[in-house]
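S.K.:
There are 2 protein chains.
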Amino acid sequence: MTSIRPRPATITDIAKRAGVSTATVSYVLNDAPGSRIPESTRTRVRSIADELGYVPHASARSLRKGSSDLVLYVQMDVVHGPLAAEFHHQLTLRLRDMGYTLLQYGGERHRGVKAARTWAAMRPSAVIVEHERLTPAGIELLRKSDIQVIATGVAAEAVKGDGVSTLNMDDLGVGHRAGEHLVGRGYRDLAAVVPRGNVLRRIGTLRLQGLQEAAARAGVGATVRSLDMDWSPESAAEVVRTWLDEGLPEAVFGYNDEFSGLLLGALQDAGVRVPEQTALVGADDVMLCRMLRPRLTSVRLEPASIEATAGEIIRAVTERTEVHLSPWTPVLVRRDT
Amino acid sequence: MTSIRPRPATITDIAKRAGVSTATVSYVLNDAPGSRIPESTRTRVRSIADELGYVPHASARSLRKGSSDLVLYVQMDVVHGPLAAEFHHQLTLRLRDMGYTLLQYGGERHRGVKAARTWAAMRPSAVIVEHERLTPAGIELLRKSDIQVIATGVAAEAVKGDGVSTLNMDDLGVGHRAGEHLVGRGYRDLAAVVPRGNVLRRIGTLRLQGLQEAAARAGVGATVRSLDMDWSPESAAEVVRTWLDEGLPEAVFGYNDEFSGLLLGALQDAGVRVPEQTALVGADDVMLCRMLRPRLTSVRLEPASIEATAGEIIRAVTERTEVHLSPWTPVLVRRDT
Numbered sequence: 001m002t003s004i005r006p007r008p009a010t011i012t013d014i015a016k017r018a019g020v021s022t023a024t025v026s027y028v029l030n031d032a033p034g035s036r037i038p039e040s041t042r043t044r045v046r047s048i049a050d051e052l053g054y055v056p057h058a059s060a061r062s063l064r065k066g067s068s069d070l071v072l073y074v075q076m077d078v079v080h081g082p083l084a085a086e087f088h089h090q091l092t093l094r095l096r097d098m099g100y101t102l103l104q105y106g107g108e109r110h111r112g113v114k115a116a117r118t119w120a121a122m123r124p125s126a127v128i129v130e131h132e133r134l135t136p137a138g139i140e141l142l143r144k145s146d147i148q149v150i151a152t153g154v155a156a157e158a159v160k161g162d163g164v165s166t167l168n169m170d171d172l173g174v175g176h177r178a179g180e181h182l183v184g185r186g187y188r189d190l191a192a193v194v195p196r197g198n199v200l201r202r203i204g205t206l207r208l209q210g211l212q213e214a215a216a217r218a219g220v221g222a223t224v225r226s227l228d229m230d231w232s233p234e235s236a237a238e239v240v241r242t243w244l245d246e247g248l249p250e251a252v253f254g255y256n257d258e259f260s261g262l263l264l265g266a267l268q269d270a271g272v273r274v275p276e277q278t279a280l281v282g283a284d285d286v287m288l289c290r291m292l293r294p295r296l297t298s299v300r301l302e303p304a305s306i307e308a309t310a311g312e313i314i315r316a317v318t319e320r321t322e323v324h325l326s327p328w329t330p331v332l333v334r335r336d337t
Numbered sequence: 001m002t003s004i005r006p007r008p009a010t011i012t013d014i015a016k017r018a019g020v021s022t023a024t025v026s027y028v029l030n031d032a033p034g035s036r037i038p039e040s041t042r043t044r045v046r047s048i049a050d051e052l053g054y055v056p057h058a059s060a061r062s063l064r065k066g067s068s069d070l071v072l073y074v075q076m077d078v079v080h081g082p083l084a085a086e087f088h089h090q091l092t093l094r095l096r097d098m099g100y101t102l103l104q105y106g107g108e109r110h111r112g113v114k115a116a117r118t119w120a121a122m123r124p125s126a127v128i129v130e131h132e133r134l135t136p137a138g139i140e141l142l143r144k145s146d147i148q149v150i151a152t153g154v155a156a157e158a159v160k161g162d163g164v165s166t167l168n169m170d171d172l173g174v175g176h177r178a179g180e181h182l183v184g185r186g187y188r189d190l191a192a193v194v195p196r197g198n199v200l201r202r203i204g205t206l207r208l209q210g211l212q213e214a215a216a217r218a219g220v221g222a223t224v225r226s227l228d229m230d231w232s233p234e235s236a237a238e239v240v241r242t243w244l245d246e247g248l249p250e251a252v253f254g255y256n257d258e259f260s261g262l263l264l265g266a267l268q269d270a271g272v273r274v275p276e277q278t279a280l281v282g283a284d285d286v287m288l289c290r291m292l293r294p295r296l297t298s299v300r301l302e303p304a305s306i307e308a309t310a311g312e313i314i315r316a317v318t319e320r321t322e323v324h325l326s327p328w329t330p331v332l333v334r335r336d337t
């Protein structure tokens, strides 16, 4: 921002130093076929480029060709598990092979047009974003800027169509699997917790709904009670107190492994034996399940194939087509609880 | 990439539709002071811009002004905790207020010049990256491209100087605090685990060193044994078997809370009472500590101030100065183990 600031080397700098035209430099550095430039000139240009630390400018390239090679992954507030991290890493590498750069943006919590405007200003080829942050007007703005939209998260299908691709999580299926397991084990008086907080509540409500559907489908008169819960040991203790007052449920679906971990601690503090007095099922199958004693039974979302999913997302970006993915299969992992 | 593809609206499109010059459009949309454009024209230009979904092009802006507003956060393989996520979010918002866009890149695992070249191609103003991925030649390349470098992680100070800023973690201090606590409680036969795997091993070795220094400093003849451990219940069981063979240590520093969680499970499986037979201290103070029974004692890295740290990083980026930060203070959180 001041005049003494060093300036990145340009093609012009290299051309001057090498005593050739900028076109020649450009030919050499781009390995353009069919140009008859002597090898000695090529070598000189390359060594000057190295010396000056010349690096081609990605956004200059994208401006020249009139399209962007940026894919924007909008994400925040999220504690990534190892599975999500691996998926993100694979997607980055595979997009890079196709000439795209995947960058993650964790800025303001806006949604709708305001958010879409921020993303569009970066002129990406595509935006991958939780569907909750999309509105029809926001999608319209992105479409006008020729930006592919890939909506992720719970029930991403809500925004499906009109060019919007979706990457859906099967949270209803997680609830189904938990319910089938518990009813199948002979439990009839089931309970579930639903986390407070916007995003988690939506996921929790779907998982609860899945549990209720599985209980109803079994046709054995199983019932499901539910309570709200905060992400704290105090809230877990309060939930357990309520159950002790109302009558201990035969089995609990604890939303996910972490909430179940808090519930297990609170049940143990209250002297409740798990699973003898109350069975407990978590979800996500994180390492925590194998730290706890008794070890936590859980529902795992098994990815079909990270490779195949990444490939489909790349197809949406490069071929500008709509894809709809739901690549996770809920699988019960039975342990001690 | 084909001719039927919609094209984002440009200033020229707006000018044509409004029947004014592109300069007029530019004046209106940039709210340029001192231009005498009638309010009716301004209104017309703005409504056409809205209708066409016009969004200014961030990288066009950065090309025009000759400097980039992109700050690149290079990160992968990392399971973010809530503290890191909040820090990242705050930094993004504060940089945005200063006109910068923070984007995260989780691509290839290169280091040195190869990695630096990839980052430099995106022409950021600054790169925030784990110091392990920097080499002198890589730093030199970034400097030539006028990119500020902020090195993070364990012992980031190794690459300090020559314009490289550092954001250091006090892992030595974590070991000190754990050691002071355990020796202070009267334990003399201490043990620690060091995780296998490149990045974790480096952190673990520093934490172990801190523990050893604290034991030596106390001058009471305390000793520290150490074992390598994988991130698995099987490896935890093997560590506990070795301890049972060699004689159970009076107290264990379990590297972090998660490794300690695995060790606690393995100790319980072996019938070892914690803390009566063996005390246990974790690190990071995550929610897991309050799920486990007994509840896990831990060392927490307390951030001085996310605000102040973000402010210093912004200073490094905007004022192009070197800053050296070590904003975390290790604090012991005593619980049951």
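Same order as they appear, the protein sequences are chains A and B.
Quick note: the first sequence, position 101, residue 101 per the UniProt record's numbering, numbers continuous.
Quick note: the second sequence, position 46, residue 46 per the UniProt record's numbering, numbers continuous.
Beta carbons: idealized from backbone N, C-alpha and C, even for Gly.
1. Can you find the residues in the same chain that come closer than 8 Å, C-beta to C-beta, to A/Arg64, ignoring five residues on each side of it along the sequence?
2. For the alpha helix (DSSP H) containing A/Thr309, list its first residue and its last residue.
3. Tell me whether B/Arg290, by its Cβ, gets closer than 7 Å to a heavy atom of the ligand SAM.
4. If you reduce the DSSP assignment to three classes, tell me which class B/Gly19 lands in.
5. Does the distance from the CB of A/Leu263 to the CB of A/Val252 come in under 8 Å?
6. Inspect the beta-carbon positions of B/Gly254 and B/Leu280 and report whether they are closer than 8 Å.
7. What's the gap between the Cα of B/Pro330 and the Cα of A/Val317?
8. Indicate whether at least one CB of chain A lies closer than 8 Å to the CB of B/Lys144.
9. Do you know offhand how far A/Arg94's Cα is from A/Arg315's?
10. So that I know if they touch, is there some Cβ in chain B lying closer than 8 Å to that of A/Ala115?
11. Terminal residues of the continuous beta strand (DSSP E) containing B/Gly175?
12. Any C-beta of chain A sitting closer than 8 Å to the C-beta of B/Leu141?
13. What's the gap between the Cα of A/Ala9 and the Cα of B/Glu319?
14. Kindly indicate if chain A contains any beta-carbon less than 8 Å away from that of B/Leu103.
15. Under a CB-based cut-off of 8 Å, is B/Arg334 close to chain A?
16. Which residue marks the beginning of the beta strand (DSSP E) containing A/Arg300, and which one marks its end?
17. Between the C-alpha atoms of B/Val286 and B/Asp336, what's the straight-line distance to the nearest angstrom?
18. Can you tell me where the beta strand (DSSP E) with A/Gln104 in it begins and where it stops?
19. Should the stretch 115 to 129 of chain B be regarded as contacting the stretch 126 to 135 of chain A, the criterion being three or more beta carbon pairs within less than 8 Å?
20. Keeping to the same chain, check which residues put their C-beta closer than 6 Å to that of A/Trp119; ignore five residues upstream and five downstream.
21. B/His324 to B/Ala308, Cα distance in whole Å?
22. Report the neighbours of B/Pro233 on chain A: residues whose CB is nearer than 7 Å to its CB, in chain order.
23. Return the first residue and the last residue of the alpha helix (DSSP H) that A/Trp328 is part of.
24. Give the straight-line distance between the Cα atoms of A/Gly175 and A/Thr223, rounded to the nearest whole angstrom.
25. I'd like to know whether the C-beta of A/Glu39 is nearer than 8 Å to at least one C-beta of chain B.
26. For B/Leu167, which beta-bridge partners are listed by DSSP?
27. Check whether chain A comes within 8 Å of B/Ala121, counting only Cβ atoms and requiring the distance to be less than that.
28. Reducing DSSP to helix, strand and coil, say where B/Pro136 ends up.
29. Counting contacts by CB-CB distance shorter than 8 Å, is B/Gln268 in contact with chain A?
30. Using a 10 Å radius around the Cβ and a threshold of 16 neighbouring Cβ atoms, would you call A/Asp50 buried or exposed?
31. Three Cβ pairs or more, each shorter than 8 Å: is that satisfied between the stretch 103 to 116 of chain B and the stretch 134 to 146 of chain B?
32. Is A/Ser235 helix, strand or coil when you go by DSSP?
33. To the nearest angstrom, how far is it from the Cα of B/Glu312 to the Cα of A/Gly107?
34. Along the stretch 234 to 261 of chain A, where does the CB come closer than 8 Å to a CB of chain B? Name the residues.
35. Of all Cβ atoms in chain A, is any one closer than 8 Å to the Cβ of B/His88?
36. If I measure Cβ to Cβ from A/Gly173 and keep anything under 7 Å in the same chain, skipping five residues before and after, which residues do I get?
M.R.: Concretely, from the data shown:
1. Locating residue 64 of chain A in the first sequence gives position 64, where the first residue counts as 1. Legend: pLDDT at A/Arg64 = 43, less than 50; position of this residue unreliable, no value from coordinates given.
2. Numbered from 1 along the first sequence, position 309 holds the residue referred to as residue 309 of chain A. Here the alpha helix (DSSP H) through A/Thr309 covers 306 to 318.
3. Although the ligand SAM was asked about, the structure shown includes no ligands whatsoever.
4. Counting from one through the second sequence, the residue named residue 19 of chain B turns up at place 19. Three-state DSSP puts B/Gly19 in coil, outside helix and strand.
5. Position 263 of the first sequence holds residue 263 of chain A. Position 252 of the first sequence holds residue 252 of chain A. It is a contact, given that the beta carbons lie within the stated cut-off.
6. As a first step, residue 254 of chain B must be located in the second sequence, where it is residue number 254. As a first step, residue 280 of chain B must be located in the second sequence, where it is residue number 280. Yes, these two residues count as a Cβ contact at 8 Å.
7. In the second sequence, counting from the first residue as 1, residue 330 of chain B sits at position 330. In the first sequence, counting from the first residue as 1, residue 317 of chain A sits at position 317. For B/Pro330 and A/Val317, the distance between alpha carbons rounds to 45 Å.
8. What you label residue 144 of chain B is simply residue 144 of the second sequence in a count that begins at 1. For B/Lys144, the answer is yes, since a Cβ of chain A falls inside 8 Å of its Cβ.
9. Position 94 of the first sequence, counted from the start, is the residue given in the question as residue 94 of chain A. Position 315 of the first sequence, counted from the start, is the residue given in the question as residue 315 of chain A. Whole-angstrom Cα-Cα distance: 11 Å.
10. The residue labelled residue 115 of chain A in the question sits at position 115 within the first sequence. Chain B contact via Cβ: absent.
11. Residue mapping note: residue 175 of chain B aligns to position 175 of the second sequence, counting from 1. First-last for B/Gly175: 171 to 184, but that is the alpha helix (DSSP H), not the beta strand (DSSP E).
12. Start at 1 with the first residue of the second sequence, and residue 141 of chain B comes out as number 141. Answer yes: the Cβ-Cβ gap between B/Leu141 and chain A drops below 8 Å somewhere.
13. The residue you call residue 9 of chain A lines up with position 9 of the first sequence. The residue you call residue 319 of chain B lines up with position 319 of the second sequence. The straight-line gap from Cα to Cα measures roughly 21 Å.
14. For the purposes of this step, residue 103 of chain B is taken as the residue at position 103 of the second sequence. Yes, its Cβ sits closer than 8 Å to a Cβ of chain A.
15. The residue you call residue 334 of chain B lines up with position 334 of the second sequence. So, not an interface residue.
16. As a first step, residue 300 of chain A must be located in the first sequence, where it is residue number 300. Its beta strand (DSSP E) spans residues 297 to 303.
17. Here residue 286 of chain B corresponds to residue number 286 of the second sequence, with the count starting at 1. Here residue 336 of chain B corresponds to residue number 336 of the second sequence, with the count starting at 1. Computed Cα separation, rounded: 15 Å.
18. The count along the first sequence starts at 1 and reaches residue 104 of chain A at position 104. Run containing A/Gln104: 101 to 105, per the beta strand (DSSP E) assignment.
19. no
20. The residue labelled residue 119 of chain A in the question sits at position 119 within the first sequence. Leu72, Val127.
21. Here residue 324 of chain B is taken as the residue at index 324 of the second sequence, counted from 1. Here residue 308 of chain B is taken as the residue at index 308 of the second sequence, counted from 1. C-alpha separation (whole angstroms): 13 Å.
22. Indexing the second sequence from 1 puts residue 233 of chain B at position 233. At a beta-carbon threshold of 7 Å, the residues of chain A lying near B/Pro233 are Arg290, ordered along the chain.
23. In the first sequence, the residue the question calls residue 328 of chain A occupies position 328. Counting along the chain, A/Trp328 falls outside any alpha helix (DSSP H), though it belongs to the beta strand (DSSP E) covering 328 to 333.
24. Counted from its first residue, the first sequence places residue 175 of chain A at position 175. Counted from its first residue, the first sequence places residue 223 of chain A at position 223. When rounded, the distance between both Cα atoms is 14 Å.
25. Reading the first sequence from its first residue, position 39 is the one you call residue 39 of chain A. With 8 Å as the cut-off, A/Glu39 does not count as an interface residue toward chain B.
26. As a working note, residue 167 of chain B is residue 167 in the second sequence. Partner(s): B/Thr152, B/Leu325.
27. On the second sequence, position 121 is the one that residue 121 of chain B refers to. Closer than 8 Å: yes.
28. As a position in the second sequence, residue 136 of chain B is number 136, starting the count at 1. B/Pro136 carries a helical assignment under DSSP once its states are collapsed to helix, strand and coil.
29. The residue labelled residue 268 of chain B in the question sits at position 268 within the second sequence. Chain A contact via Cβ: present.
30. In the first sequence, the residue the question calls residue 50 of chain A occupies position 50. By the neighbour-count rule (16 or more Cβ atoms within 10 Å), A/Asp50 is not buried but exposed.
31. In the pairwise beta carbon analysis, the stretch 103 to 116 of chain B is classified as touching the stretch 134 to 146 of chain B: at least three pairs are separated by under 8 Å.
32. Counting from 1 along the first sequence, the entry for residue 235 of chain A is found at position 235. It is helical.
33. Reading the second sequence from its first residue, position 312 is the one you call residue 312 of chain B. Reading the first sequence from its first residue, position 107 is the one you call residue 107 of chain A. When rounded, the distance between both Cα atoms is 19 Å.
34. Glu258, Gly261
35. Indexing the second sequence from 1 puts residue 88 of chain B at position 88. Yes, because at least one Cβ of chain A sits closer than 8 Å to the Cβ of B/His88.
36. Locating residue 173 of chain A in the first sequence gives position 173, where the first residue counts as 1. Gly210, Pro330.
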